[in-house]
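Okay, structure coming up:
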């Protein structure tokens, strides 16, 4: 293991689509929707052989920091940071790069979402290692995933035509980044073969990223560089002052789409899923012979293809199909599976009604 | 008010179709599915102007007696009896007749279900009064209700053709009792005009009923007549011994279909509903503009014609239609409205799985 490899896990997301289980203080990344480990614990587990926990850093928010500290005792507590306020990915990654550069001038950092699923961690680590290796040689690296369907919810990375999936000998130049497409465009992308899902993982040397920020996002770079040394007494207070001055922009827009050269790994399938909704959870879990994911205690009569998450409560389904049923102590969701993406609209309504207790 | 009028409220039913709110210890009749009064409280309320609580008797089972005593403090506690074991209506009514006859040789008794709804209590009491009046003159009286649709879940009373609904000057002779019909037959009944829903209410003098029992159900009559005087020290012990010897048969089969003369009131609509399922509750309650009966706290998005009963919990419905959602602390039901009659099947399954905690 290269001792200069560091990981930044981004864990500031709200995950509103997992309501009523996701709340301000229990966002998707700290939920165990798929097994006994939470999504962020699973992220750390699968990274550990490449980047050990003592070199993992986490950026989250004040609502989630305590539970993340509890869930990840193997990560040094000082490396689990709260953003003073919610910004986009560019300031968060810039902040981490600034800190890591001061901790280790040779630092190579991988940036990882905290709430995705990977079912083939071996293949995943092969890709991560290759990306870190290229990043150590001053490349800006991304990871594309061979698309399995014309998904309209992801961005796409365009590689040169004829690019084959796999971990190549060297990094492959990225031709373009494409935003979430409409279905006809997504279908063309998949047919073309050289368009890959953007996994949301990035790899670069901390100093290389800071240089890019200075070029493309000078105000944010300058603000971050006024911060004292990490560990200094006034670091937190200064950060609170500095962070709001940073541009509220994603790293994709701020750097990747503007940099003169970005490279990537056109990865094959490593069982990646962004678990974007309760329906994704349904798709990922084993079903019974009626297509239900409901637990052994559930009673299903003339009921097919339903998803149930209800803690220990017995749920009886009678004559219903394609439902999502999620029960918690103070709120219950009953939704059609094909509306799973719209769960966030419920939260907007609850907010309007001042039901902050349920958000 | 005639001082010889007594009421027997039959409250031994399980009401499995209201699971998960109905349980062994909280059957339908003691639930407040339609308002702040429970069904049995509402029964007593509407009878009181005709038969005061001090002359009302209740037959229930050991699981429900305590809660009924609590819900009906106005009824003398000794008049709230438990059947030693579950039998059909003939032994229960026979027992009450035997007791009432000993309490008051002139007793005229009305027999009432405990779990029905009546929306026009004034019209209802007019019918009850007329039936009691005829019963006082030694008639066996029933009450038919003009059918509003060809219901296959009720028995029918056939009056002479040309019978008009209303409270007639005198009782009308019943031609036949008909069991729950298939739909084509029910449709013929409704078209014919002289077939009425059997309301399950009966009216007779206690001594007249005992005579009928002696004729048509001699074993049961003889067993009951070995009982000591009501109030005697050994009454309960003797009842425990005697009751299991009684025939397990309904009063309809045992007496009404065999008696030489039965009369009835062909009643018009007094807003009667037997509240046979959660769907009946849905039909009886006011709906919002999307056809939902869900309470003010519910969040309904693209959701129509659903019924929700969830205590104080916030329920969010997203893209679902025609559902019944009933939530309790330890069990949750999600059913299609058109399957509401089959909720009992869930209980059979739970029983098989030894989940007696949920029955």
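Residue numbers (our numbering), protein chains in the order written: chain V, 1 to 359; chain Z, 1 to 359.
Ideal Cβ positions, reconstructed from N, Cα and C, are used throughout, including at glycine.
Check: Cutoff 8 angstroms: residue 371 (chain Z) Cβ touching any chain V Cβ; Outcome: Lying before the first or after the last residue shown, residue 371 (chain Z) is absent from chain Z, which here runs from 1 to 359.
Check: is_contact[residue 323 (chain Z), chain V] using C-beta, thresh 8 angstroms; Outcome: yes
Check: Contact list for the stretch 14-33 of chain V against chain Z, Cβ threshold 9 angstroms; Outcome: 19 and 20
Check: Proximity test, Cβ basis, 8 angstroms: residue 65 (chain V) and chain Z; Outcome: no
Check: Inside the stretch 160-195 of chain Z only - beta strand (DSSP E) runs reaching at least 3 residues; Outcome: 176-178
Check: is_contact[residue 101 (chain Z), chain V] using C-beta, thresh 8 angstroms; Outcome: no
Check: Backbone secondary structure at residue 158 (chain V) - three-state DSSP; Outcome: strand
Check: Close beta carbons around residue 322 (chain V), own chain, < 8 angstroms, minus the five adjacent residues each side; Outcome: 304, 305, 306, 336, 337 and 338
Check: Whether residue 90 (chain Z) touches residue 290 (chain Z) by CB criterion (8 angstroms); Outcome: no
Check: Given 8 angstroms, three or more beta-carbon pairs between the stretch 74-87 of chain Z and the stretch 223-243 of chain Z; Outcome: yes
Check: Interface residues of the stretch 263-291 of chain Z facing chain V [CB-CB below 8 angstroms]; Outcome: none
Check: Residue 278 (chain Z): first and last residue of the uninterrupted alpha helix (DSSP H) it sits in; Outcome: 278-284
Check: Helix, strand or coil at residue 270 (chain V) according to DSSP, with G and I counted as helix; Outcome: coil
Check: Boundaries (first-last residue) of the beta strand (DSSP E) holding residue 301 (chain Z); Outcome: 299-301
Check: Runs of beta strand (DSSP E) wholly within the stretch 27-113 of chain V (minimum 3 residues, chain order); Outcome: 56-60, 80-82 and 108-113
Check: Through-space distance from residue 280 (chain V) to residue 156 (chain Z), alpha-carbon basis; Outcome: 52 angstroms
Check: Listed by chain order, chain V residues near residue 182 (chain Z) by CB distance under 7 angstroms; Outcome: Simply none; closest approach about 22 angstroms.
Check: Euclidean distance between Cα positions of residue 234 (chain V) and residue 318 (chain Z); Outcome: 48 angstroms
Check: Within-8 angstroms CB hit, residue 330 (chain V) to chain Z; Outcome: yes
Check: Chain V contact residues for residue 341 (chain Z), given Cβ-Cβ distances below 9 angstroms; Outcome: What residue 341 (chain Z) touches in chain V: nothing, since even the nearest Cβ is about 10 angstroms away.
Check: 8 angstroms Cβ cutoff, residue 294 (chain V) in contact with chain Z; Outcome: no
Check: Nearest candidate by alpha-carbon position, reference residue 246 (chain Z), set Z:261, Z:258 and Z:227; Outcome: Z:227
Check: Inter-residue spacing [alpha-carbon to alpha-carbon] between residue 139 (chain Z) and residue 175 (chain Z); Outcome: 15 angstroms
Check: Residues sharing a beta bridge with residue 340 (chain V), DSSP; Outcome: For residue 340 (chain V), which the question treats as bridged, DSSP gives no partner whatsoever.
Check: Nearest to residue 162 (chain Z) (by Cα), restricted to the options Z:294, Z:254, Z:192 and Z:14; Outcome: Z:192
Check: Between the CA atoms of residue 221 (chain Z) and residue 214 (chain Z) - distance to the nearest angstrom; Outcome: 5 angstroms
Check: Nearest-angstrom beta carbon gap, residue 20 (chain Z) and residue 333 (chain Z) [assumed within contact, 8 angstroms]; Outcome: 5 angstroms
Check: Buried versus exposed call for residue 296 (chain Z) [16 or more other C-beta atoms within 10 Å across all chains shown]; Outcome: exposed
Check: Among Z:3, Z:60, Z:327 and Z:55, nearest to residue 12 (chain Z) - alpha-carbon criterion; Outcome: Z:60
Check: Cross-strand partners of residue 198 (chain V) (DSSP beta bridge); Outcome: V:144
Check: Pairwise C-alpha distance: residue 55 (chain V) and residue 264 (chain V); Outcome: 23 angstroms
Check: Local conformation of residue 127 (chain V) per DSSP, three classes; Outcome: helix
Check: Chain V within 8 angstroms of residue 336 (chain Z), Cβ atoms only; Outcome: yes
Check: Limits of the beta strand (DSSP E) - the one that residue 11 (chain Z) falls within; Outcome: 5-11
Check: Residue nearest to residue 76 (chain Z) in terms of C-alpha spacing, selected from Z:314, Z:44, Z:144 and Z:184; Outcome: Z:44
Check: Spatial neighbours of residue 195 (chain V) in its chain, beta-carbon cut-off 6 angstroms, leaving aside the 5 residues before and after; Outcome: 156, 158 and 189
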